[in-house]
Amino acid sequence: MRELTDRVKNLAIELGADLVGVAPVERFKNAPLRMSPKGLLPGARSVVVAAIHHPDACIELDGEPTAHDMGPYGLQSTVMNPRLDDISFLVARFLEDEGHAALPIAASNIWRYTGYKDLKVDFAPDLAHRYAAVAAGLAEIGWSGLALSPEFGPRQRWVSIVTEAELVPTPMYTGDPLCDRCMACVENCPVDAFRKEVKRINKLEIGGQTYEFPDTNKWRCAWAEHFGLNLAHKIPEKIDEDVIDYYLEKYGRHMGTFGYCLKFCMVPERRYYESSYARGPRRRKEKSGMTAPELVRKIKEICRTHLVDALAIASGDELKGDPAIHLDYHLPNARTAISIGIRELPFSADNAEVGNTVARRLHYTAFKVTHCLDRAGYEATTGTEIADNIVAERLGIYQPGMRFITVLTDADLVEKKQSESLQAKAVSAAEELRHLGTKLGADLVGFFNNNRYREFLNSLDALDVLPEEVVEVLDIGGINASWVPQVVKRPFEVSSLEKWLPGAKSVIVLGLHFPDSALDTAKVTPAETVGPYAFVQYESLLLLADMAYDMIRHLEAAGHRATFTFDLTGMASKTTNSRGMLPDMRSNLYAAVLAGLAYPGINGHPLTEAYGVRQRFIAIVTDLELPNDPLTVLSTCDECDRVCLRACPTRALAGEMKQLTIENTSIPFPLFDTFACDWAKRYSLNAQEGPQYWGVDESYPVPENRTAEEVVKAVSRTDWGVQKLHLNVAEECLRVCPARGTR
Numbered sequence: 006m007r008e009l010t011d012r013v014k015n016l017a018i019e020l021g022a023d024l025v026g027v028a029p030v031e032r033f034k035n036a037p038l039r040m041s042p043k044g045l046l047p048g049a050r051s052v053v054v055a056a057i058h059h060p061d062a063c064i065e066l067d068g069e070p071t072a073h074d075m076g077p078y079g080l081q082s083t084v085m086n087p088r089l090d091d092i093s094f095l096v097a098r099f100l101e102d103e104g105h106a107a108l109p110i111a112a113s114n115i116w117r118y119t120g121y122k123d124l125k126v127d128f129a130p131d132l133a134h135r136y137a138a139v140a141a142g143l144a145e146i147g148w149s150g151l152a153l154s155p156e157f158g159p160r161q162r163w164v165s166i167v168t169e170a171e172l173v174p175t176p177m178y179t180g181d182p183l184c185d186r187c188m189a190c191v192e193n194c195p196v197d198a199f200r201k202e203v204k205r206i207n208k209l210e211i212g213g214q215t216y217e218f219p220d221t222n223k224w225r226c227a228w229a230e231h232f233g234l235n236l237a238h239k240i241p242e243k244i245d246e247d248v249i250d251y252y253l254e255k256y257g258r259h260m261g262t263f264g265y266c267l268k269f270c271m272v273p274e275r276r277y278y279e280s281s282y283a284r285g286p287r288r289r290k291e292k293s294g295m296t297a298p299e300l301v302r303k304i305k306e307i308c309r310t311h312l313v314d315a316l317a318i319a320s321g322d323e324l325k326g327d328p329a330i331h332l333d334y335h336l337p338n339a340r341t342a343i344s345i346g347i348r349e350l351p352f353s354a355d356n357a358e359v360g361n362t363v364a365r366r367l368h369y370t371a372f373k374v375t376h377c378l379d380r381a382g383y384e385a386t387t388g389t390e391i392a393d394n395i396v397a398e399r400l401g402i403y404q405p406g407m408r409f410i411t412v413l414t415d416a417d418l419v420e421k422k423q424s425e426s427l428q429a430k431a432v433s434a435a436e437e438l439r440h441l442g443t444k445l446g447a448d449l450v451g452f453f454n455n456n457r458y459r460e461f462l463n464s465l466d467a468l469d470v471l472p473e474e475v476v477e478v479l480d481i482g483g484i485n486a487s488w489v490p491q492v493v494k495r496p497f498e499v500s501s502l503e504k505w506l507p508g509a510k511s512v513i514v515l516g517l518h519f520p521d522s523a524l525d526t527a528k529v530t531p532a533e534t535v536g537p538y539a540f541v542q543y544e545s546l547l548l549l550a551d552m553a554y555d556m557i558r559h560l561e562a563a564g565h566r567a568t569f570t571f572d573l574t575g576m577a578s579k580t581t582n583s584r585g586m587l588p589d590m591r592s593n594l595y596a597a598v599l600a601g602l603a604y605p606g607i608n609g610h611p612l613t614e615a616y617g618v619r620q621r622f623i624a625i626v627t628d629l630e631l632p633n634d635p636l637t638v639l640s641t642c643d644e645c646d647r648v649c650l651r652a653c654p655t656r657a658l659a660g661e662m663k664q665l666t667i668e669n670t671s672i673p674f675p676l677f678d679t680f681a682c683d684w685a686k687r688y689s690l691n692a693q694e695g696p697q698y699w700g701v702d703e704s705y706p707v708p709e710n711r712t713a714e715e716v717v718k719a720v721s722r723t724d725w726g727v728q729k730l731h732l733n734v735a736e737e738c739l740r741v742c743p744a745r746g747t748r
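Residue 6 is where the sequence shown starts when you use our numbering, and the numbers rise one by one after that.
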């Protein structure tokens, strides 16, 4: 038990956590069942809680002159929450591999806005991480309702993993009180949430200790920070969902805000003030003792690990007098500027998936450098309004076709500018690529060449089952507004490899298994949630994109070209999710089949021998010639009573299979009603598929007239309210599928 606990904690730290603790489920005895570990995973014994520290300068200097003015604070959305999501997913995977069921919870932004059945809680996540942090001995609840740690005060973000593993609990925090009721949170709240519409004073008992703080109206708290309404409005005396809807419709979103309850809070032992630097409190911290050369080596190592292309570190003196750059505007007493550049991937200019991955890599790298300097006891910031391209040009590393970001610090790192061009290690042999894919984190790696793909296209064309036209209904309304449908029509054609990459010769397919508990618990445990399943859907895609990006960089170093996609053929649809429309679970079905990794199930989803239906795939198209892996033939569906057909709430599955012939091997091509399937999973018009678990019970039967106009009618008359942003689906045909794999 101790060994496993240590391994879990070490993994979380290796993945970027600053704090890690373990709470036994007994400490959650006062939590509502639907928001408790056992409500989520009935066999739960422990909850692992991890946190990432928000760099101090980003908190102390941001949110000026108004709470709407945000820059570095946005790191929590662009980097901190995503990194915590990585930790949650990968720690859950590790525990599962060790034989213990584990349920990863998203770091933020998947919740029910209003009470659900007997759960009388607004803005209810699946598990409240701040309370879990207290239960894990890492924090106390302050008057603000935030979890305060002795190390960082409120300046961290949290994430939790629920598991059946019996881990060694972290003792409850018993040191000096971390909140001395200074009331800075009360005095600085721009919507007066701690004094107006307070229902009562909460008395929350966790682990034998009681914490008192106001039970605020979350709709008031969310006025600007979440819903983006302008603080210049005269804030109403009473705020609820109807009021939010009224202001959103009449005035629209302005922009989000910095949480001033966070900005103006610091624990007594670390709190001090320096009015010339910041309006709010500063955090007292100690220097680590790392020398400037050691820090520079660490920064370079971070950049090498993240495969950035260019790095320059220069003294602020080199930029003094520059009319376009004033470091002290962004960080008082800044002594060093660090410019980091990542090249856009060629042949991917119109590929949003690739562009998003490049941006994710750039922000991750800058945050890690900033975080390294902050933990060493220096001030550091990134994500400011500084002109990143001009900084890169002044430091001599600017090139067209690259993205840049700047890190500023008050650490004196170099006397003269240092710059490097970095490059990935060349990899091109098939078995080296297979090994690299596994090393990057893929569970499945396979190849096929363009000759096999062309044979697939010819066999598919002979079936004569594909539509001539694709018709989609897009929502061009706001994220919290009513649907504003727009019908888009385009000719349908299965994509060739050359469409993705001129001169393409082969495809590398990577597969990633998501934790079983995310699907096993969807809809059926006392929590009645699909939140963890929705989370692993987008998280697995992000991790696959990270792997594909790294592999492409290694291919480029060997002189080859490549790009990647989640929908190689163009035959996939979308699924509604809190993170926007995602490629559905059928995406890259035939890429995985042609790479010998999967076999088509009767429900139209890829089945693998190792994981059943519980994985996702990404396809990397390259001009490198690679061998075909042997095709896979599975009998899984032949041994099943086709429960998926009966479970589908819109009866979209026909149960009929046509046959493709590829290299004398017969491969099923399952037929299903795409319109009826999209009715539920893409347009959320069947409550059973997911919306009812978010408190949205409106359902409509699939119309006989299967047209876009019928979709427009249905989405236009549905009142999702603000919950529209957080509607998630767990496909019944997947949930009931008995194919779990043999691993």
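In this text, a Cβ means the ideal position worked out from N, Cα and C, and glycines have one as well.
Closest in alpha carbon position to S500, among T574, F519, H440, is T574. Pairing D131 with I115 gives a Cβ-Cβ distance under 8 Å. Between the C-alpha atoms of N235 and M260 there is a straight-line separation of about 7 Å. From the listed residues I667, T613, I607, C642, the smallest Cα separation to N633 is found for I667. Contact annotation: S592 and F571 have beta-carbon atoms nearer than 8 Å.
In the DSSP assignment, Q542 falls within the alpha helix (DSSP H) that extends over 536-562.
Assigned with DSSP and collapsed to three states, N193 falls in helix. With a minimum length of 4 residues, the unbroken runs of alpha helix (DSSP H) contained wholly in the stretch 667-742 fall at 679-686, 713-722, 737-740. Rounded to whole angstroms, the gap between the alpha carbons of A434 and H565 is 12 Å.
L413 sits in a strand when the DSSP states are folded into three classes. Distance between A567 and R348, taken at the CA atoms: about 14 Å. Distance from the CA atom of I557 to the CA atom of N361, rounded to whole angstroms, is 15 Å.
L732 is positioned such that its CB atom lies closer than 8 Å to that of G695. The criterion of a C-beta distance shorter than 8 Å is satisfied by T119 and E246. With respect to the C-alpha of A624, the residue from M552, F674, A563, G585 having the closest C-alpha is M552. If you look at E210, you'll find it in the beta strand (DSSP E) that goes 206-211. In the three-state reduction of the DSSP assignment, N15 falls in the helix class. Relative to the Cα of A577, the nearest Cα in the group L594, E630, Q697 belongs to L594.
If you look at F461, you'll find it in the alpha helix (DSSP H) that goes 455-468. Taking a 10 Å sphere around the C-beta of L468, we find fewer than 16 other C-beta atoms and assign the residue as exposed. Annotated three-state conformation of Y595 is helix, per DSSP. Judged by pairs of C-beta atoms under 8 Å, the stretch 313-324 does not touch the stretch 286-295, as fewer than three such pairs exist. Around the beta carbon of L20, 16 or more other beta carbons lie within 10 angstroms, which makes this residue buried. Counting C-beta atoms within 10 angstroms of its own C-beta, S280 has fewer than 16 neighbours from the protein chains shown and is therefore classed as exposed. Sequence-distant partners of S113 (beyond 5 residues in either direction) whose C-beta falls short of 6 Å from its own C-beta, in its chain, are N86. As computed with DSSP, F519 is found in no beta bridge at all. Only residues of its own chain outside the window of five on either side were considered, and among them M590, R591, V618 have a CB closer than 6 Å to the CB of H610, listed in chain order. In this structure, L89 lies away from T386, with their beta-carbon atoms at least 8 Å apart. Residue pairing of W224 in beta bridges, as defined by DSSP: absent, with no partner found. Between L413 and L332, the CB-CB gap stays under 8 Å. Of all C-beta pairs linking the stretch 288-307 to the stretch 417-436, three or more are shorter than 8 Å, placing the two stretches in contact. Nearest to N454 by C-alpha distance, out of A392, A509, P241, A615, is A509. The DSSP assignment places 246-256 as complete runs of the alpha helix (DSSP H) inside the stretch 229-258, in order along the chain (cut-off: 4 residues).
The C-alpha of C645 lies about 27 Å from the C-alpha of R98. Scanning K243, L172, E503, E614 for the CA closest to the CA of L9 turns up L172. With fewer than 16 other Cβ atoms inside 10 Å of its own Cβ, G180 counts as exposed.
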